[in-house]
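So the sequence lines, in the order shown, correspond to chains D and U. Under my numbering, think of the first position of the first sequence as -6, with each following residue one higher. Under my numbering, think of the first position of the second sequence as 127, with each following residue one higher. The beta-carbon is built from N, C-alpha and C at its ideal position, and this holds for glycine as well. Please read the structure below before turning to the comments.
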Amino acid sequence: MTTRFRVNSPNVIHETIEGEVILIDLKTGTYYSLRDAGAALWQAIEQGAGEDEIAAELRSRYEASETEIQDAVRRLLAELEREGLVRADEGEAGPAAAPPASDNGAARLPFAAPVLEKHTDMQDLILLDPVHEVGAEGWPHPAPPDEATA
Amino acid sequence: MSRTVTPEAPSVDRLQNDFERAAEAAGGAVDLHLALAGKPVRIRFAGARAAEALSPAFAHLEAQQDGSPALTLHVWDSGLRGTEATGAGASYYSEQDGVRTLHQPTSGVFSVLDADAETGWFWMPDAHGLPYWDYTAPFRHLLSWWLDAQRLRQVHGGAVGTEDGGVLLVGPGGSGKSTTSLSVLLDERLRYAGDDYVAVGSAHVPVVHSIYCSGKVHQGDLHRLPHLEPALADGVRPDEKAVFYVERAFPGRSIAGFPLRAIVVPRVTDRRAARAVPGTRAEALAALAPSTIFQLHPPARDALAWMAGLVRRVPTFVLELGSDVETIPAALLRILEQ
């Protein structure tokens, strides 16, 4: 049994461009970026990999001890979960994603612990001007005087 | 605040009746014909007072009436003088049977679009009581929905360039977009397409379409842009940004659009002269997407993927801004020459 993670859709949207992941939490207005090993970890999450497989994937790409990579993976997964970007599911891991880089003979890269860059400058916009989708409860309008003073 | 609710947004028939009655009371409808993103758009104001308040931002797009409009907007107020919005606040959005409605209680504005009928309605308490961010970019939400229907997107960014091509200036408020956009008025070779919101087409070669010729800068930054001081619009409140209508103050210096050649991320530095350096596409996406998405009502979930597609198609530059604003146009021209 391994812990598997899912992207917290639909509140979280993300795009990978030139190896960097941009993530946006539509609920909070916070956006994030992940590079290098962080982007590789995100790609593995998207492909349904569990924690152990993510660590194995990073070990195949980066030059570092097993413990160093495992600790870094655990830390970043916990942070992604804390930020509400992923949800943990207990269960079988999905199929292994891409074949490990070491399998096709590519040289491994120096490892740096992945960092989740967090940007909160859009939060003010959400707090100042939130958008409420109107459902069956209807539209708000000022209460008549008798209710307003109730 | 205590609130009660009504079951539905105003009906389209009621809005049209209200507009017609308001137009009659105001001495008749005043029509403004535009070519927006190359399409004929008619804005019908109920009376000259409403037209006077909200037309200047579109002065560069005015056109002769050309066939049946691709969009007709009906715009009126209730003459509730002294009704001034005090700030931003929550918005309420609904979409039913293809009719999109937004109510912004702090300014009292209702925006309604029936895209299939190519018709919209915009009601405000007082045409001269809107906050500066609304009267410099009128009908922004209505137009963003209509642009969606035209397979165009409204993005948060400035745009400047020439007939042959231009750049999209992206970044959050305070990053230097407006200063950079308005600096082009120092150089006859460059044209102005906007400092805050423009439309972008998703064709193989992306095209920028100007929406507004207005510009805004913090009053405290005006000393860096002395060429704009004679162009200040009248009636701006001292606690608001300084407002300019480029077509009015600098006739012929605004432009309806151009092919997009690059995305530029301005960055304030302690340099003297501005300098453009290559940037990454991820930088462009991070500067463009969050502020665009959170200013659309409702936030568009598919907009991030669309904008990622856009930044993949053109190069990105970081424009390091210096203390000397006069050096910005040359740095922009060097980007366009590449």
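query: Top-ranked residue by Cα proximity to G246/U, from R266/U, T418/U, L411/U and Y261/U; result: R266/U
query: Listed by chain order, chain U residues near S26/D by CB distance under 8 angstroms; result: A408 and A412
query: Short CB-CB distance (under 8 angstroms) between V201/U and chain D; result: no
query: Exposure of L141/U, with buried meaning 16 or more beta-carbon neighbours within 10 Å; result: buried
query: Close-in-space but distant-in-sequence residues of the same chain around H335/U (CB under 6 angstroms, 5 per side omitted); result: A163, A325 and G383
query: Where I6/D meets chain U, residues with beta-carbon distance less than 7 angstroms; result: R427 and L430
query: Under 7 angstroms by beta carbon: chain U residues contacting G114/D; result: Strictly speaking, residue 114/D in this sequence is Asp, with Gly absent from that position. Residues of chain U passing the Cβ test: P298.
query: Chain U residues whose Cβ lies nearer than 9 angstroms to that of I15/D; result: A408, L411, A412, A415, P416, L430 and A434
query: Option nearest L109/D by Cα separation, candidates L34/D, G41/D, D82/D and I6/D; result: L34/D
query: Completely contained alpha helix (DSSP H) runs for the segment 153 to 189 of chain U, where each covers 4 or more residues; result: 174 to 180
query: Contiguous alpha helix (DSSP H) assignments of at least 4 residues, all confined to the segment 19 to 64 of chain D; result: 29 to 39 and 44 to 54
query: N-terminal and C-terminal residue of the alpha helix (DSSP H) that V235/U is part of; result: No alpha helix (DSSP H) contains V235/U, which is instead part of the beta strand (DSSP E) from V235 to D240.
query: Proximal residues of chain U, C-beta to C-beta of I10/D below 9 angstroms; result: T406, R407, A408, A410, L411, A434, V437 and R438
query: Chain-ordered chain U contacts of L19/D [CB-CB under 9 angstroms]; result: I419, F420, P425 and R427
query: G346/U (DSSP reduced to helix, strand or coil); result: helix
query: Coil, strand or helix - L308/U by DSSP; result: helix
query: 8 angstroms CB neighbourhood of E74/D in its chain, flanking five on each side removed; result: F(-2), R80 and A81
query: Beta-carbon spacing of F171/U, A189/U below 8 angstroms; result: no
query: Strand pairing of K367/U, partner residues [DSSP]; result: K367/U pairs with nothing; no bridge assigned.
query: P356/U - DSSP class collapsed to helix/strand/coil; result: helix
query: Opening and closing residue of the alpha helix (DSSP H) in which M433/U lies; result: A429 to R439
query: Residues that P3/D contacts on chain U, provided the C-beta gap is smaller than 7 angstroms; result: R427
query: Collapsed DSSP secondary structure at S95/D in the structure displayed; result: With a pLDDT of 47 at S95/D, under the threshold of 50, the predicted position of this residue should be treated as unreliable, though the coordinate-derived value follows. S95/D: helix per DSSP, three-state reduction.
query: Where S2/D falls, given that 16 or more other Cβ within 10 Å makes a residue buried; result: exposed
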